[in-house]
Ligand SMILES: C[S@@+](CC[C@H](N)C(=O)[O-])C[C@H]1O[C@@H](n2cnc3c(N)ncnc32)[C@H](O)[C@@H]1O
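Numbering (the working numbering), first residue to last: 1302 to 1486.
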């Protein structure tokens, strides 16, 4: 028992250092990237819980996160739907690298594309997820209507999209968390 004590202390210190690095990195990202038009803010646990409860992605095989940040939402989806084919699009290269690193450590094949979400073709996906601000909403609706196939699920966290006859809305709410889930008609 005495021999094991120094090792135990080293392990505890390593865990604490890892946690500290994680917190510092998240704070740095939030500080530097919150001024973008659509800022980097990882999705909350409340939204993730709500998404799971809604079962909106249950039958989706191919899911893309438009503006995937460092992959928090994608990673949560991967845990709930391990067989789904996931990918993310992100224009900030630091976040792209962090998301790739996350999936490398999780040993999941999840392509993270460095680019503009408006250029990513949506013709082959079963579901599109994201946290988009109202400034992006009109352009995104036009893209969804033009490219998504009928039955495609579109999940917008926190903000609704402008109404469109081809997008059928189901709102899911719990306390301060809300998800706007659309089905392409
Ligand atoms: C609110 S965060 C969402 C993060 C992620 N979906 C999550 O919940 O973990 C929005 C992300 O979109 C990215 N972004 C903003 N405009 C973009 C664009 N035109 N194309 C791709 N990514 C974009 C930002 O860099 C930011 O990381």
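Glycine included, every Cβ here is placed at the ideal spot set by N, Cα and C.
No experiment lies behind these values; they were computed from the predicted model shown.
Check: Member of 1453, 1447 and 1431 whose CA lies at the smallest distance from the CA of residue 1461; Outcome: 1431
Check: Contact check, residue 1440 vs residue 1419, beta carbons under 8 Å; Outcome: yes
Check: Counted within 10 angstroms of its Cβ, other Cβ atoms place residue 1487 as buried (16 or more) or exposed; Outcome: This structure leaves residue 1487 out entirely; the chain is present only between 1302 and 1486.
Check: Limits of the unbroken beta strand (DSSP E) element including residue 1454; Outcome: 1454–1458
Check: Whole-angstrom C-beta distance between residue 1456 and residue 1480, which should lie under 8 Å; Outcome: 6 Å
Check: First through last residue of the alpha helix (DSSP H) which encompasses residue 1441; Outcome: 1435–1448
Check: Helix, strand or coil at residue 1385 [DSSP, three-state]; Outcome: coil
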